[in-house]
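Engineer:
There are 2 protein chains.
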Amino acid sequence: MLPPATFRLEAVDHGARAGTLMTRHGAVRTPVFMPVGTQATVKTLEPRDLTTMGAEILLANTYHLMLRPGAQAVRELGGVHAFMGWDRAILSDSGGFQVLSLAALRKISEQGVTFRSHLDGSAHELSPERAIEIQTLLGVDVMMSFDECLQYPATEIEARESMERTVRWAARGLARRAELAQGGETVPALFGIVQGGTYPHLREDCAKALREMPFEGYSLGGLWVGEPPETSHALVAADTGLLPTQKPRYLMGVGTPLDLLQAVANGVDMFDCVLPTRNARKGTVLTSRGKLVVKNAAYAKDTRPLDPDCDCYACQRFSRAYIRHLFSAGEILGMRLASLHALSFMVRTMREARAAIVSGTYGAFQRSFEERYASGDGLMPALRESA
Amino acid sequence: MLPPATFRLEAVDHGARAGTLMTRHGAVRTPVFMPVGTQATVKTLEPRDLTTMGAEILLANTYHLMLRPGAQAVRELGGVHAFMGWDRAILSDSGGFQVLSLAALRKISEQGVTFRSHLDGSAHELSPERAIEIQTLLGVDVMMSFDECLQYPATEIEARESMERTVRWAARGLARRAELAQGGETVPALFGIVQGGTYPHLREDCAKALREMPFEGYSLGGLWVGEPPETSHALVAADTGLLPTQKPRYLMGVGTPLDLLQAVANGVDMFDCVLPTRNARKGTVLTSRGKLVVKNAAYAKDTRPLDPDCDCYACQRFSRAYIRHLFSAGEILGMRLASLHALSFMVRTMREARAAIVSGTYGAFQRSFEERYASGDGLMPALRESA
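Keeping their order, the protein sequence lines are chains F and E.
Following the working numbering, the numbering of the first sequence begins with 1 at its first residue and continues without gaps.
Following the working numbering, the numbering of the second sequence begins with 1001 at its first residue and continues without gaps.
1) Under the DSSP definition of a beta bridge, which residues are partnered with residue 163/F?
2) Is there contact here, the stretch 1126 to 1143 of chain E with the stretch 1056 to 1075 of chain E, by at least three beta-carbon pairs under 8 angstroms?
3) Who does residue 1034/E pair with in a DSSP beta bridge?
4) Tell me the DSSP bridge mates of residue 1080/E?
5) Would you mind sorting residue 1375/E into buried or exposed? The rule is 16 or more other CB atoms within 10 Å of its CB.
6) Residue 155/F versus chain E: which residues are under 9 angstroms apart at the beta carbon?
7) Within the 9 angstroms Cβ cut-off, does residue 97/F reach chain E?
8) For residue 242/F and residue 145/F, what's the separation of their Cα atoms in angstroms?
9) Could you have a look at residue 385/F and say whether DSSP puts it in helix, strand or coil?
10) Which bits of chain F does residue 1069/E rub up against, with CB to CB less than 8 angstroms?
11) What's the gap between the Cα of residue 1272/E and the Cα of residue 1154/E?
12) Have a look at the DSSP bridge pairing and note the partners of residue 1006/E.
13) For residue 41/F, which three-state DSSP category applies?
14) Could you give the DSSP three-state label for residue 352/F: helix, strand or coil?
15) How would you list, in chain order, the residues of chain F whose beta-carbon sits under 9 angstroms from the beta-carbon of residue 1190/E?
16) Might you give, ordered along the chain, the residues of its own chain that have their beta carbon closer than 6 angstroms to the beta carbon of residue 1274/E, omitting 5 neighbours on each side?
17) Here's the rule I'm using: 16 or more other beta-carbon atoms within 10 Å means buried, otherwise exposed. How should residue 1120/E be labelled?
18) Taking just the CA atoms, how far does residue 1337/E sit from residue 261/F?
19) For the alpha helix (DSSP H) that residue 66/F lies in, which residues bound it at each end?
20) Ignoring anything shorter than 3 residues or poking outside the stretch 1159 to 1242 of chain E, list the beta strand (DSSP E) runs there in chain order.
21) At a cut of 8 angstroms, does the stretch 317 to 325 of chain F reach the stretch 1056 to 1063 of chain E through at least three beta carbon pairs?
22) Could you please give me the residues that DSSP links to residue 390/F through a beta bridge?
23) Could one say the Cβ of residue 43/F lies closer than 9 angstroms to chain E's Cβ atoms, at least one of them?
24) Look at the alpha carbon of residue 143/F and the alpha carbon of residue 226/F, and state the distance between them as a whole number of angstroms.
25) Please name the residue, chosen from 1253/E, 1305/E, 1010/E, that lies closest to residue 1092/E on a Cα-to-Cα basis.
26) For residue 1259/E, which three-state DSSP category applies?
27) Under 9 angstroms between C-beta atoms, does residue 306/F make it to chain E?
28) Show which residues of chain E have a CB atom less than 9 angstroms away from the CB atom of residue 138/F.
29) For residue 129/F, is the classification buried or exposed, using 16 other Cβ atoms within 10 angstroms of its Cβ as the cut-off for buried?
30) In the DSSP assignment, the beta strand (DSSP E) including residue 1124/E goes from what residue to what residue?
31) Grouping DSSP H, G and I as helix and E and B as strand, with all else coil, what is residue 277/F?
32) In three-state terms, what does DSSP make of residue 1052/E?
33) For residue 1020/E, which residues in the same chain have their Cβ closer than 8 angstroms to its Cβ, ignoring the five residues on either side in sequence?
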């Protein structure tokens, strides 16, 4: 049996890394931004939209899929790839974060978490073992250890207890995966998750414990939850400094394009974030020159594309005026075109970052990107109405 | 200056006709189903989806576009083709039907209609002349005369008054178009609309009056509003029997696939209807075997495509189980895939009808279609759960 996934580090430019994660569903070149397919769909988009923009891996949410349509149902329908018509790689989260943010009547113990579905109140259980079983049923390529997401702010005692539990849970997840593999299951790659809140010595303890375990990669959890940004970036740099260089690092649920590029500089390989698409569906899109609130009336006669530097279908074919009209008229196509652009932008930004790392020019690339992103050039509506 | 549109009748099989409407935005082969792009978008779909399925003409709604973004705004943005990124033909209605069904505080006189917008209460006016001006500003290929849509049921006196007014309005619209053309405007083709409710002699009077006027085509209005279906089809046959054979006939806002095929048999060339997509967005799609309510729980594990005889992306790539999941989860992609299939089915059905007419086998085609459509074959969910 092939190993579930292997990572090859191909170039390092100061701290920034370029690599390839080989999965059963193809190669994922890093650094990479993973579009979020919460309910087995990247909202408003089709698989062919995602392959066209060059996406090589998606994220799926274990919590959502275990509730609807159910992990066993996905298995019976051929696994999540066949179910959603996506034949490239898929990474899943463990469900822990959504249990904390969405589910009702949560009870957390050393054993795991019991909760009630936010959809219908039905009772469910997630544990380190169950999270592995569910993600294996889904048939993803890369799965996450079940971790306890700490609230921010937390006391040091709370953070330590939570981190130590996460380490124990990580070991239980690895053990359950080994059992499943021995039983003949095709098991996904498994990442351990560094927790410890914003306490550097706790995160250090966690990273040191996890790096001794046979994970295929490591995630950085519990960051960008309210702490100051300079703290976040310092903690990322500290975490990656302790993790094995030959394994991929995934910064979970972060963040702005500028955050991503700084995290790449600090040695992170993989990212996901719902904000680019969530904001797009509300009429605000990321562009190479900064944020553009396309739903604003000021764009009603602006014939320029959302982003003159973008080759996506939305930018090649439609004006800001038209997309603004779609939002104004409540037309779904507006959300779709804005989402298509926002993800094309994120995926391309990571592709360009990778090329810069390979050519040893990442520092200059990051500065140039930041300057252009801050410039706002061309974002202002035309000063006069066209005739 | 080229004429705005020309029609070439290419084959007649008993009453059914195959032809080509040449417009400034390409050829439209008839019989044809026109997807409805109410607010300058076919809901949930992109222009490239429509060209892929073979659509050669769309319908746009004058009432919606005159209110938002406004006809002058569309003109300034390069016309409705450039605005919505569609380079094939566009036909617009006159706005009369939506004024009747959507607008508030309508006042109808011989001059025209004043009303308030259903969006913001602003005051507007539509008249035979203004409707022509607006449709010319939009830059469509084919426009409609401003007509008065009769309520059903109507007395014969009401129907006669309304029909006679529609004829007078038709003449005023033609006159206004001639003025615009003389003033240098690129004017659309113009269709007259046969009214007269369900009174055969009134419709006959109307058709005879209109056929003496230099329209590029004729629409059949005021049908499928509540009268028995056999009455509808008899009125269609009577109308087409009176209209010039060398001009296209458009049956407005109708109907089921079976209605369309019967109307084709009775000499109609063009159709539009919102029901295939409106129903699709609610989870019911048309298929070659009849209607499929894909949102039903019974399809939760059905791995078959919506329609095994369809080559659209939705049917080639996704299962009923997945599309049902998307509806169940409230995901926009479900509405999009269902719409994509429904329109692909309608457009393909008309393309197949055309081929049958050209080969002189339309009667057999229609019977075979009706049998298959009534069969329900394969629509039932599998009787047992898959293992």
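The beta-carbon is built from N, C-alpha and C at its ideal position, and this holds for glycine as well.
Structural biologist: Reading it off the structure:
1) Residue 163/F sits at position 163 when you count from the first residue of the first sequence. Bridge partners of residue 163/F: none, in fact.
2) yes
3) Taking the second sequence and counting its residues from 1, one reaches residue 1034/E at position 34. Answer is 1272/E.
4) Here residue 1080/E is taken as the residue at index 80 of the second sequence, counted from 1. According to DSSP, which records beta bridges pairwise, residue 1080/E is partnered with nothing at all.
5) Taking the first residue of the second sequence as 1, we reach residue 1375/E at position 375. Label assigned to residue 1375/E: exposed.
6) The residue you call residue 155/F lines up with position 155 of the first sequence. Within 9 angstroms Cβ-Cβ: nothing; residue 155/F doesn't reach chain E, min ~38 angstroms.
7) If you number the first sequence from 1, residue 97/F lands on position 97. By this cut-off, residue 97/F is not an interface position.
8) Numbered from 1 along the first sequence, position 242 holds the residue referred to as residue 242/F. Numbered from 1 along the first sequence, position 145 holds the residue referred to as residue 145/F. So the two alpha carbons sit approximately 19 angstroms from each other.
9) Indexing the first sequence from 1 puts residue 385/F at position 385. Model confidence at residue 385/F stands at a pLDDT of 41, short of 50, so the residue's coordinates are unreliable and nothing is read from them.
10) In the second sequence, the residue the question calls residue 1069/E occupies position 69. Result: 300, 321, 325, 328.
11) The residue labelled residue 1272/E in the question sits at position 272 within the second sequence. The residue labelled residue 1154/E in the question sits at position 154 within the second sequence. Between residue 1272/E and residue 1154/E, the C-alpha separation is close to 24 angstroms.
12) Position 6 of the second sequence, counting from 1, holds the residue named residue 1006/E. The partner list for residue 1006/E (beta bridge, DSSP) reads 1022/E.
13) For the purposes of this step, residue 41/F is taken as residue 41 along the first sequence, with counting starting at 1. Coil, per DSSP.
14) Residue numbering aside, residue 352/F sits at position 352 when the first sequence is read from its first letter. If DSSP states are grouped into helix, strand and coil, residue 352/F belongs with the helices.
15) Here residue 1190/E corresponds to residue number 190 of the second sequence, with the count starting at 1. Within chain F, no residue comes near residue 1190/E; the closest Cβ sits about 26 angstroms away, beyond 9 angstroms.
16) Within the second sequence, numbered from 1, the residue matching residue 1274/E stands at position 274. Excluding positions up to five away in sequence, the list reads 1036.
17) As a first step, residue 1120/E is located in the second sequence; it is residue number 120 there, counting from the start. Result: exposed.
18) Residue numbering aside, residue 261/F sits at position 261 when the first sequence is read from its first letter. Residue numbering aside, residue 1337/E sits at position 337 when the second sequence is read from its first letter. Approximately 35 angstroms, taken between the alpha carbons.
19) As a working mapping, residue 66/F is identified with position 66 in the first sequence. Its alpha helix (DSSP H) spans residues 62 to 67.
20) 1189 to 1194, 1217 to 1220
21) no
22) Past the boundaries of the shown model lies residue 390/F; chain F is included only from 1 to 387, so the question cannot be answered.
23) Taking the first sequence and counting its residues from 1, the one referred to as residue 43/F is at position 43. Yes, because at least one Cβ of chain E sits closer than 9 angstroms to the Cβ of residue 43/F.
24) Sequence index remark: in the first sequence, residue 143/F carries index 143 (1-based). Sequence index remark: in the first sequence, residue 226/F carries index 226 (1-based). Roughly 26 angstroms between the two C-alpha positions.
25) The residue given as residue 1092/E occupies position 92 in the second sequence. Among 1253/E, 1305/E, 1010/E, the Cα nearest to that of residue 1092/E belongs to 1253/E.
26) Residue mapping note: residue 1259/E aligns to position 259 of the second sequence, counting from 1. DSSP places residue 1259/E in helix when its eight states are reduced to three.
27) Here the question's residue 306/F lines up with position 306 in the first sequence. No, because no Cβ of chain E sits closer than 9 angstroms to the Cβ of residue 306/F.
28) Within the first sequence, numbered from 1, the residue matching residue 138/F stands at position 138. Within 9 angstroms Cβ-Cβ: nothing; residue 138/F doesn't reach chain E, min ~13 angstroms.
29) Locating residue 129/F in the first sequence gives position 129, counting from the first residue. Burial call: buried.
30) For the purposes of this step, residue 1124/E is taken as the residue at position 124 of the second sequence. From DSSP, the beta strand (DSSP E) with residue 1124/E extends over 1123 to 1126.
31) Counting from 1 along the first sequence, the entry for residue 277/F is found at position 277. In this structure, residue 277/F counts as helix in the three-state DSSP scheme.
32) Counting from 1 along the second sequence, the entry for residue 1052/E is found at position 52. If DSSP states are grouped into helix, strand and coil, residue 1052/E belongs with the helices.
33) Taking the first residue of the second sequence as position 1, residue 1020/E is located at position 20. Taken in chain order, the residues that qualify are 1007, 1008, 1010, 1027, 1028, 1029, 1030.
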